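Since the structure comes first, as structure tokens, the remarks are kept for the end.
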Amino acid sequence: MGDGLQYGPSQGYFPLINKWRDFQSRWHSPPFKNWDVAVVPGSQDGFYKILDLMIDEGDPVMVQAPAYAGTIAAVHAMNPEYIGIPQDADGIIPEEIDRICSARQNDNLKLPKALCVNPIGANPTGSVLTIDRKKEIYKLAQKYDFLIIEDDAYYFVHFLDHQPSSFLSMDTDGRVIRLDSFSKIVSSGLRLGVITAPQEIINRIIVSLQNTVLHASSLSQILMFKLLEDWSSEEFDSHIKRVQSFYKCQRDLMIRSMDKHLKGLVEWSVPKAGMFVWIKLNTKKNSLDLVMKELIPNGVFIIPGSAFDYDSPQSDSYLRLCYSFSTEEQVDKAMEVLGTILRQSIGNN
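Residues 1 to 349 in UniProt numbering are what the sequence shown lists, from first letter to last.
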């Protein structure tokens, strides 16, 4: 407790740092050897610090489209040239990256400096980037010389029969900067994230921490270390399986309710990871108007698709549903309300 009430090293509480180095070696075995880690007060803060250090105003930056609103906000603050990369149920599409980079090269335009990606449980789509696509994208990163910022908060929150490989696990060049989070598997209130990157970048992250927040919460770091220290590898794996089972049950109850109330009214792909379902309305309704004027007054709050678009279009036909915490009764009621409103809309057209 005494250490938790004191200032600590900016890189992080050293026992936790060593524990996380072991963790990254176990789960990712980075082939690039000169890497290290730094603890940050939440992966959102870490993401902002990475952009602040690596991106200059006007730099081209590739971001999956649609993208997490926090990613958009952090990228927007750097005032870059934003390049959206389309995605499908298997994540961002490598051919689009190649097409965009090749065209810029032919036109003598500056090539993208980085790709920002949620590879597992992309927010808001719930897609999982396949290993084949990851390999293709890494080859493109080598070809066009861009960084990969791997924001992998949902690394363990997936519903597959195997643990997907990471970009970090195939990084031979030291071009991957990885963000991990404790928020989805332990507690969001701890506000702890970890950056894994080449040593040179970690050194710059440490200086940034010294000049901003000094370090992540000592109490949170010690609490996290004690938890990881008490768990054996088997106990940690069992905990992860319980987390996955919980969110899979949550996803399944929402999909059942959508099948019951929304069939024919919206289109969706069943998410393979994460906490969200991304749906497309089969009506001409503007999703923002739908949320603000009809859903919220009826006790249902859903995020409109425009929140995940860098350009914030006025007309949007997408919604992001969240199944993380709601009860089966709450989910079913919300889907019933949404279905009723959409049917009324079709009837009025």
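Backbone N, C-alpha and C fix where the C-beta goes; we use that ideal spot for every residue, glycine too.
Keep in mind it's a predicted model, so treat the numbers as computed, not measured.
With DSSP collapsed to three states, give me the class of residue i.
i, result
"A122", "coil"
"H239", "helix"
"F246", "helix"
"S181", "strand"
"M78", "coil"
"T212", "coil"
"A69", "helix"
"V176", "strand"
"V194", "strand"
"G305", "helix"
"I311", "Reading off the sequence, residue 311 comes out as Asp, not Ile. D311 falls in the coil class under three-state DSSP."
"M170", "helix"
"I94", "Note on residue identity: the sequence assigns Pro, not Ile, to residue 94. It is helical."
"F276", "strand"
"A38", "strand"
"H28", "coil"
Can you grab the Cα-Cα spacing for the pair residue i / residue j, in whole Å?
i, j, result
"Y318", "P31", "40 Å"
"C101", "I205", "28 Å"
"V277", "I255", "9 Å"
"Q64", "L219", "35 Å"
"E96", "K143", "14 Å"
"I83", "L111", "11 Å"
"G339", "S345", "10 Å"
"Y155", "D22", "17 Å"
"G46", "D171", "20 Å"
"K241", "L109", "47 Å"
"I279", "S183", "25 Å"
"F301", "I55", "35 Å"
"D289", "R343", "16 Å"
"Q6", "D132", "46 Å"
"K293", "T130", "39 Å"
"D59", "N79", "8 Å"
Out of the options, state which residue places its alpha-carbon closest to the alpha-carbon of residue i.
i, options, result
"G193", "G4, K49, A122", "K49"
"G126", "L109, L140, L160, P112", "L160"
"I149", "T327, V61, N34, D289", "V61"
"E57", "S306, E81, G42", "E81"
"L53", "T130, G305, N203, A67", "N203"
"A307", "V291, W268, R26, L214", "V291"
"C116", "I85, D98, R99, L109", "I85"
"N18", "Y138, A273, E229, P41", "E229"
"S287", "D316, F167, D173, V270", "D316"
"Q87", "N79, L190, D3, K134", "K134"
"A89", "E328, S269, E294, I303", "S269"
"G299", "A73, I341, H158", "I341"
"V207", "V40, Q24, T327", "V40"
"A77", "N108, D332, Y310, M258", "Y310"
"G91", "L223, N118, N108", "N118"
"L214", "G8, D3, G2", "G8"
"E328", "L51, I222, D252", "D252"
"M224", "S181, A122, T212", "S181"
"K263", "M335, H239, F167", "M335"
"D173", "Y138, S25, S187, S166", "Y138"
Can you give the beta carbon distance from residue i to residue j, rounded, assuming they're within the 8 Å contact cut?
i, j, result
"I195", "V337", "41 Å between Cβ atoms; not a contact."
"Q244", "S324", "Not a contact, Cβ separation roughly 13 Å."
"H162", "V128", "The pair is not a contact, with the Cβ atoms about 11 Å apart (cut-off 8 Å)."
"Y13", "Q221", "4 Å"
"L265", "N282", "6 Å"
"P66", "G274", "Not quite, the Cβ-Cβ distance comes to about 13 Å (not below 8 Å), so this is no contact."
When you compare the CB positions of residue i and residue j, do they come within less than 7 Å of one another, or not?
i, j, result
"Q199", "S10", "no"
"P124", "R320", "yes"
"D152", "I120", "yes"
"R175", "A197", "no"
"P164", "E136", "no"
"H261", "S169", "no"
"Q44", "G70", "yes"
"F146", "A103", "no"
"V331", "S233", "no"
"R191", "G4", "no"
"A74", "L51", "yes"
With respect to 6 Å, is the separation between the Cβ of residue i and the closest non-hydrogen atom of the ligand ATP below this value?
i, result
"S29", "For the ligand ATP, the structure offers nothing, since it holds no ligand at all."
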